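This report refers to the structure that appears directly beneath it.
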Amino acid sequence: MAKPVHAAIGEKPIRCQVCDNDTFREREVKLNSTGMEFFNMAWANESATGLICWSCGYVHLFVNRDVRLYRIRG
2 MAKPVHAAIG EKPIRCQVCD NDTFREREVK LNSTGMEFFN MAWANESATG
52 LICWSCGYVH LFVNRDVRLY RIRG
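Below you can see the structure in the form of structure tokens.
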């Protein structure tokens, strides 16, 4: 299972929009489009950073490349 992380954009910490938790697991998410799928070029779609709330499971998507992740020591 993925390790928990904290995240921020610049100096502003990211918190879950649903439960206000500050711990996430991260994964890359493909932003598929119908046209690219039709031409079998889904591999060329843009990617986003997916932050999945460790507490409630809500998925936050960021195409902003300024998202910084911080491993939680413990």
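Numbers 2 to 75, taken from my numbering, label the letters of the sequence shown in order. Virtual Cβ for every residue (Gly too), placed ideally from N, Cα, C. Small disclaimer: the values here were computed from a predicted structure and weren't measured.
Whether residue i touches residue j by CB criterion (9 Å)
| i | j | result |
| --- | --- | --- |
| G70 | V60 | In the sequence as displayed, the identity of residue 70 is Leu instead of Gly. The answer is no: Cβ separation not under 9 Å. |
Integer Cβ distance of residue i from residue j, believed to fall under 8 Å
| i | j | result |
| --- | --- | --- |
| V6 | C57 | The Cβ separation is near 16 Å, so there is no contact. |
| S68 | I10 | This sequence places Val at residue 68; Ser is not what is there. Right, their Cβ atoms sit about 6 Å apart. |
Helix, strand or coil at residue i according to DSSP, with G and I counted as helix
| i | result |
| --- | --- |
| V30 | strand |
| S56 | coil |
| K4 | coil |
| R66 | coil |
| T24 | coil |
Same chain only: Cβ atoms within 6 Å of residue i, ignoring 5 sequence neighbours per side
| i | result |
| --- | --- |
| T24 | P5, W55 |
For residue i, the nearest candidate out of the options (CA to CA)
| i | options | result |
| --- | --- | --- |
| V30 | S48, D21, K13, A3 | S48 |
| C17 | L62, L32, R74 | L62 |
Residues of its chain near residue i, where Cβ-Cβ distance is below 8 Å and the 5 sequence neighbours each way are ignored
| i | result |
| --- | --- |
| E27 | A3, V6, A8, T50, G51, L52, I53, L70 |
| N22 | R16, C54, W55, S56, C57 |
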